[in-house]
Amino acid sequence: MSKKNNDIEKVDGPSFEGVEEASVFSLSEHTDTTTFYGINNSNILLLKNLFPNIRIIARGHVIKIQGSDAEMEIFKNALGRLELFVLNNNSLSHENIIEIVKGQQPAEITFENLILHGVNGKSIMARTKNQQKLVNDFETNDLLFAIGPAGSGKTYTAIALAVRALKNREKKKIILSRPAVEAGEKLGFLPGDMKEKIDPYLQPLYDALQDMLPAAKLKDYMENGTIQIAPLAFMRGRTLSDAVVILDEAQNSTTMQIKMFLTRMGLNTKMIVTGDITQIDLPMQQKSGLIDALEVLRNVKGIAKIEFDKGDIVRHKLVQRIVEAYEKAAPRPPKGGV
831 MSKKNNDIEK
841 VDGPSFEGVE
851 EASVFSLSEH
861 TDTTTFYGIN
871 NSNILLLKNL
881 FPNIRIIARG
891 HVIKIQGSDA
901 EMEIFKNALG
911 RLELFVLNNN
921 SLSHENIIEI
931 VKGQQPAEIT
941 FENLILHGVN
951 GKSIMARTKN
961 QQKLVNDFET
971 NDLLFAIGPA
981 GSGKTYTAIA
991 LAVRALKNRE
1001 KKKIILSRPA
1011 VEAGEKLGFL
1021 PGDMKEKIDP
1031 YLQPLYDALQ
1041 DMLPAAKLKD
1051 YMENGTIQIA
1061 PLAFMRGRTL
1071 SDAVVILDEA
1081 QNSTTMQIKM
1091 FLTRMGLNTK
1101 MIVTGDITQI
1111 DLPMQQKSGL
1121 IDALEVLRNV
1131 KGIAKIEFDK
1141 GDIVRHKLVQ
1151 RIVEAYEKAA
1161 PRPPKGGV
């Protein structure tokens, strides 16, 4: 990036009503403005929220700004770092912006940690060492257990690996499963077909898929069976071949259910089992199938176990503090449930 494009120079600002002067930040001609500004200018809107006392007008490669000298200096530095990140990574998420504005260093995208490019070229990557371990272990193991707290990225990373395998034609199908644990309700008594019954329980998985596949392509995959929903209770008798199979929230499966699930593995299939053993919703007298499987299979070759922790949490920073507070406030739940 040249010095000319880094400088903010004072110019007349007719675009600001009642403001005599504004400053101009000129983006490099190599900077993709769609990536920098975000879809529907969402990145600029976020910057306006982060810098409420600075007025911003962005057109093309020119950003006009106005505010106090101190705030302008901070904003100028932030814009320069944001542009550098875009030039290096060809992406810019809201999380990246917040990290950069706060002075933190966002995770750099490298050949090793990039999993795939999702919708609108979004870089889907391993952001923590345990997410990277899941990526690495996926290459050499057919069954993986990813255990850890909510927000640690274990399920999102698992789905990204499944989508990559599908895109690379390494697998023909993605099969998603989740136990349906709802007090007083059984799937058979819920209205609608199987998809309608299980959809509410699988919504977090769909949310991840929508980040990685265009809506039309995802719809096609769902309709032709390339991506399937498979409620855990309904999987008995199937053999799952040429697929990546993900069992999410496995802590809420029974011992018999998880044994049944694991023995569905067919040729050229990989399975990823995710769960949080501190969030068991089974009755007190019933042992979690996930805990049982981890004990029974601990010495079996070809199986990897990745333990995520609060350091892997990639949601809002407050989530990590919430997890820590609950860990301090309550003892570890019994193996049978909470």
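In terms of this note's numbering, the sequence shown has 1040 at position 210, counting the first letter as 1, and numbering is strictly consecutive. For each residue, glycine too, the CB sits at the ideal point set by N, CA and C.
Residue i versus residue j - alpha carbon distance
i	j	result
LEU1062	ASP862	44 Å
ARG1094	ARG1066	8 Å
GLY933	GLY910	12 Å
PRO882	HIS860	28 Å
ALA888	HIS947	27 Å
LEU1127	ILE927	42 Å
THR1104	VAL916	32 Å
GLY1096	ARG1068	9 Å
ASP1139	LEU880	29 Å
ILE1107	LYS1047	34 Å
LEU1148	GLU925	13 Å
GLN1150	GLY1141	8 Å
ALA1013	ASN907	Any reading at ALA1013 must be qualified, since the residue scores a pLDDT of 33, below 50, and its modelled position is unreliable; the value itself is stated next. When rounded, the distance between both Cα atoms is 52 Å.
SER856	ILE1152	41 Å
GLY897	ARG885	7 Å
LYS997	ILE945	11 Å
ALA1045	ILE869	16 Å
ILE930	LEU877	11 Å
GLU1154	GLY890	44 Å
MET831	ARG994	Bear in mind that a pLDDT of 41 at MET831, under 50, signals an unreliable position, so the number given afterwards is only what the model happens to contain. Cα to Cα, the separation comes out at about 33 Å.
ALA900	SER982	37 Å
PHE905	VAL892	15 Å
VAL1130	ALA992	23 Å
ALA1160	GLN1115	20 Å
LYS1049	ALA956	26 Å
GLU850	ILE895	Only weak support is given to the placement of GLU850: the predicted model assigns it a pLDDT of 42, under 50, and the value that follows is read from those uncertain coordinates. Roughly 12 Å separates the two Cα atoms.
LYS1158	LYS984	23 Å
ASP1037	PRO1030	11 Å
LYS1089	TYR1156	31 Å
ILE977	ALA852	52 Å
ALA988	LEU1032	14 Å
PHE1064	THR958	34 Å
LEU964	ASP1111	25 Å
Inter-residue CB distance, residue i and residue j (contact presumed, cutoff 8 Å)
i	j	result
MET1052	ILE954	That belief does not hold up - the Cβ atoms of MET1052 and ILE954 are roughly 20 Å apart, past 8 Å.
ASP1072	LEU1035	Not a contact, Cβ separation roughly 20 Å.
GLN1058	LYS1003	6 Å
PRO1009	GLN1087	7 Å
SER872	GLU913	Their Cβ separation, rounded to whole angstroms, is 17 Å, which puts SER872 and GLU913 out of contact at 8 Å.
ASN943	GLN962	6 Å
PRO979	ILE874	The Cβ separation is near 33 Å, so there is no contact.
ILE1070	PHE975	The sequence shown places Leu at residue 1070, not Ile. At roughly 17 Å, the Cβ-Cβ gap does not stay under 8 Å, so LEU1070 and PHE975 are not in contact.
Nearest to residue i (by Cα), restricted to the options the options
i	options	result
SER1083	ILE1121, LEU1097 and MET1101	ILE1121
PHE903	VAL854, ASP972 and ALA1045	It is Glu, not Phe, that sits at residue 903 in the sequence shown. That would be VAL854, whose Cα lies nearest to the Cα of GLU903.
ASN966	GLY1141, ALA990, ALA980 and VAL949	ALA990
GLU1000	PRO979, GLU1157, LEU1070 and VAL1074	VAL1074
LYS1135	ASP899, LEU973 and GLY897	LEU973
ILE1102	GLN1115, GLN1150 and TYR986	TYR986
GLY1006	LYS963, GLY1055, GLY983 and THR958	Note that residue 1006 is Leu in the sequence shown, not Gly. Closest option to LEU1006, Cα to Cα, is GLY1055.
PRO1113	ASN1098, PHE1064 and THR1085	THR1085
LYS1117	GLN1081, MET1090, GLN1150 and ARG1151	GLN1081
ILE1076	PHE1064, LYS1100 and LEU964	LYS1100
ASN960	VAL1153, GLU1137 and GLN1150	GLU1137
ALA1060	ASN971, ILE1143 and PHE1091	PHE1091
THR970	LEU1032, GLY981, LEU1039 and ASN1098	ASN1098
ILE1133	PHE968, THR958, LYS1089 and ALA956	PHE968
LYS789	LEU964, GLN1040 and THR958	The question about residue 789 has no answer here: the residues shown for the chain are numbered 831 through 1168.
Residue i Cβ short of 7 Å to the ligand MG heavy atom set
i	result
ILE887	Only the bare structure without any ligand can be found here, which leaves the ligand MG out of the picture.
**Request:** Could you say if the segment 853 to 870 and the segment 905 to 924 meet the contact criterion of at least three C-beta pairs nearer than 8 Å?
**Result:** yes
**Inside the segment 942 to 1013 only - alpha helix (DSSP H) runs reaching at least 4 residues** = 959 to 970 and 984 to 997
**Item:** Contiguous beta strand (DSSP E) assignments of at least 3 residues, all confined to the segment 845 to 887
**Value:** 851 to 856
**Asked** Counting only runs that start and end within the segment 1118 to 1152, where is the alpha helix (DSSP H) found for 4 or more residues in a row?
**Response** 1119 to 1126
**Asked** Where in the segment 1052 to 1132 do unbroken runs of the alpha helix (DSSP H), each at least 4 residues long, occur, reported from the N-terminal end onward?
**Response** 1085 to 1092 and 1119 to 1126
**Complete runs of the alpha helix (DSSP H) confined to the segment 880 to 935 [at least 4 residues]** = 899 to 919 and 924 to 931
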